[in-house]
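From first to last, the protein sequence lines stand for chains A and B. Be aware that the first sequence starts at 24, since it is given in the numbering used here, and climbs by one per residue. Be aware that the second sequence starts at 10, since it is given in the numbering used here, and climbs by one per residue. Just so you know, even glycine gets a beta-carbon here, dropped at the ideal spot from N, CA and C. Since this is a predicted model, take the numbers as computed values, not measurements.
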Amino acid sequence: MGSGEYTDEELLILFRDEKQREAAFSVLVNKYQEQLYWHIRKIVLSHMDTDDILQNVFIKVWKNLLNFRNDSSLYTWLYRIATNETISFIKKQKKNQMVSYDDYINSVANNAVTEGYFTGTEIQNKLQKAILTLPDKQRIIFQMKYFEELKYDEMSKILRTSVGALKASYHHAVKKIQIFLKNN
Amino acid sequence: MKNQNHPNIKIDKIPKEGMFKVPDGYFENLSDRILTKVKTLPIEASKVRIIPYSRRRLLRIAATIAGFIILSFAGYQIFQKTQKNDLLSQADAYDVADYYVSEFDERTLMISALESEQEAKMESEAMINFLVDEGIEEETLLQAL
Numbered sequence: 024m025g026s027g028e029y030t031d032e033e034l035l036i037l038f039r040d041e042k043q044r045e046a047a048f049s050v051l052v053n054k055y056q057e058q059l060y061w062h063i064r065k066i067v068l069s070h071m072d073t074d075d076i077l078q079n080v081f082i083k084v085w086k087n088l089l090n091f092r093n094d095s096s097l098y099t100w101l102y103r104i105a106t107n108e109t110i111s112f113i114k115k116q117k118k119n120q121m122v123s124y125d126d127y128i129n130s131v132a133n134n135a136v137t138e139g140y141f142t143g144t145e146i147q148n149k150l151q152k153a154i155l156t157l158p159d160k161q162r163i164i165f166q167m168k169y170f171e172e173l174k175y176d177e178m179s180k181i182l183r184t185s186v187g188a189l190k191a192s193y194h195h196a197v198k199k200i201q202i203f204l205k206n207n
Numbered sequence: 010m011k012n013q014n015h016p017n018i019k020i021d022k023i024p025k026e027g028m029f030k031v032p033d034g035y036f037e038n039l040s041d042r043i044l045t046k047v048k049t050l051p052i053e054a055s056k057v058r059i060i061p062y063s064r065r066r067l068l069r070i071a072a073t074i075a076g077f078i079i080l081s082f083a084g085y086q087i088f089q090k091t092q093k094n095d096l097l098s099q100a101d102a103y104d105v106a107d108y109y110v111s112e113f114d115e116r117t118l119m120i121s122a123l124e125s126e127q128e129a130k131m132e133s134e135a136m137i138n139f140l141v142d143e144g145i146e147e148e149t150l151l152q153a154l
């Protein structure tokens with residue numbers, strides 16, 4: 024099965040058939056893995072952490088896909104699971120580190136660099152540090168708008184937040200980042 | 010890392026691409042790795058709704074507040090009854106105490122207390138499920154409370 028050959032609806036039908044379940048799931052993973060990977064990676068920065076979160080996301084998808092109701096598109100549902108898993112991860116990470124906020128930001132940014140999979144310039148690194156200073160939800164909103172260039176309508180469905188609130192949040196995030204870049 | 014001077018830099022001038030790398034071949038074998046993991050896991054065929062973290066927390070708060078109000082009301086009722094009982098003569102009070110001591114042993118009272126705790130837990134869960142099923146927004150509920 025090639026990922027480009029099947030629509031989401033077809034994949035869901037195949038997944039319901041026990042004999043075709045694994046093949047259908049494999050196609051689904053191939054279809055969405057990169058989008059979800061980059062969505063998570065740009066929030067948590069580290070490749071290793073992204074890999075862990077992404078695996079958890081697909082495990083949840085596997086367990087719950089039979090219960091998926093077409094209230095939203097499969098893409099929105101997957102993004103929502105990925106976003107929730109990422110938020111949970113960030114909260115756990117902050118709780119476990121038991122260090123000051125500045126130390127937390129430096130450790131997350133430095134880990135990403137020392138892993139060897141961050142190849143940004145100094146200003147790109149500084150931008151990432153600025154993003155880390157934002158509150159969790161604002162950080163995700165900024166990331167989705169700025170890096171993924173998602174439309175507010177799509178973001179609204181994924182985050183279950185009104186378009187107005189998203190716009191306001193993004194505006195505040197940009198301001199805070201500008202100030203951080205100016206002062207640091 | 011390249012060194013740059015960036016006084017008053019605008020974020021839209023910062024390049025968005027080329028910051029991150031992934032290990033070679035990462036995406037080629039990701040689905041195999043995931044499939045190996047999930048194959049052994051059960052599938053939850055029951056009707057489960059994934060509630061976002063933020064909603065889950067608010068629903069818990071709302072259910073706790075609702076539970077607190079119910080308990081406060083029950084407490085107030087018991088307090089009122091106690092006040093009435095104080096009006097009984099001392100002798101009547103002793104008679105009533107004797108009656109309860111003879112009617113209930115310690116074990117019965119402990120079982121009753123444990124059952125009440127269990128019921129409270131179930132009520133809290135039921136309240137959350139009801140709010141989710143009915144699609145009642147937590148903000149609306151909190152405002153009403």
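Check                                                                                                                                                                                           : Outcome
Once you ignore the five residues that flank A/Glu41 on each side, which residues in its own chain have a CB closer than 8 Å to its CB?                                                         : none
Does B/Leu44 get closer than 7 Å to chain E when you measure Cβ to Cβ?                                                                                                                          : In the structure shown, chain E cannot be found, because the protein chains are A and B.
Mark A/Asn107 as exposed unless 16 or more other C-beta atoms lie within 10 angstroms of its C-beta, in which case mark it buried.                                                              : buried
Rounded to the nearest angstrom, what separates A/Gln151 and B/Leu80 at their Cα positions?                                                                                                     : 48 Å
Hey, A/Lys128 and A/Leu155: beta-carbon distance below 7 Å or not?                                                                                                                              : For the sequence presented, residue 128 of chain A should be read as Ile rather than Lys. Going by C-beta atoms, A/Ile128 is nearer than 7 Å to A/Leu155.
Hey, is A/Ser49's beta-carbon within less than 7 Å of any beta-carbon in chain B?                                                                                                               : yes
Just to confirm before moving on: does the CB-CB distance between A/Thr73 and A/Lys180 stay below 7 Å?                                                                                          : no
Any idea what DSSP makes of B/Phe29, helix, strand or coil?                                                                                                                                     : strand
Please confirm whether A/Ser116 has its beta-carbon closer than 7 Å to some beta-carbon of chain B.                                                                                             : The sequence shown places Gln at residue 116 of chain A, rather than the Ser named in the question. No, its Cβ sits nowhere closer than 7 Å to a Cβ of chain B.
B/Leu50 touches chain A at which residues, Cβ-Cβ below 7 Å?                                                                                                                                     : Ile82, Trp85, Lys86
Sort out for me which residues DSSP pairs A/Phe141 with in a bridge.                                                                                                                            : B/Phe29
Is B/Ile23 helix, strand or coil by DSSP?                                                                                                                                                       : coil
Hey, B/Phe29 and A/Arg64: beta-carbon distance below 7 Å or not?                                                                                                                                : yes
Leaving out the 5 sequence neighbours to the left and right, which residues in its chain are closer than 7 Å to A/Tyr193 when beta-carbon positions are compared?                               : Ile164, Phe165, Lys168
Run through DSSP, which three-state label would A/Asn129 get?                                                                                                                                   : helix
What are the boundary residues of the alpha helix (DSSP H) that includes A/Asn79?                                                                                                               : 70 to 87
For a test of the three-state rule: what should DSSP assign to A/Ser95, helix, strand or coil?                                                                                                  : coil
Within the 7 Å Cβ cut-off, does A/Tyr175 reach chain B?                                                                                                                                         : no
Beta-carbon of B/Lys90 versus every beta-carbon of chain A: anything under 7 Å?                                                                                                                 : no
Are the region 137 to 147 of chain A and the region 82 to 96 of chain A touching, with three or more C-beta to C-beta distances below 8 Å?                                                      : no
Measuring CB to CB, does A/Lys117 end up less than 7 Å from A/Ile104?                                                                                                                           : no
Taking B/Val31 as the reference, which of A/Glu172, A/Pro158, A/Tyr60 has the closest Cα?                                                                                                       : A/Tyr60
Assuming contact is defined by CB atoms lying nearer than 7 Å, are B/Phe36 and A/Gln58 in contact in what I supplied?                                                                           : no
Classify B/Gln89: buried if its beta carbon has 16 or more other beta carbons within 10 angstroms, exposed otherwise.                                                                           : exposed
Whole angstroms are fine: how far does the CA of A/Leu101 sit from the CA of A/Ile113?                                                                                                          : 18 Å
DSSP three-state label for A/Asp159, please.                                                                                                                                                    : helix
Buried or exposed for A/Asn206, please, with buried defined as at least 16 other CB atoms from any protein chain shown within 10 angstroms of its CB.                                           : exposed
Listed from N- to C-terminal order along the chain, which residues in the region 129 to 146 of chain A have their beta-carbon within a distance smaller than 9 Å of any beta-carbon of chain B? : Ala135, Val136, Gly139, Tyr140, Phe141, Thr142, Gly143, Thr144, Glu145, Ile146
Name the two residues that bound the continuous alpha helix (DSSP H) containing B/Glu37.                                                                                                        : 35 to 47
Let me know if A/Val186 comes out buried or exposed under the rule of 16 or more other beta-carbons within 10 Å of its beta-carbon.                                                             : exposed
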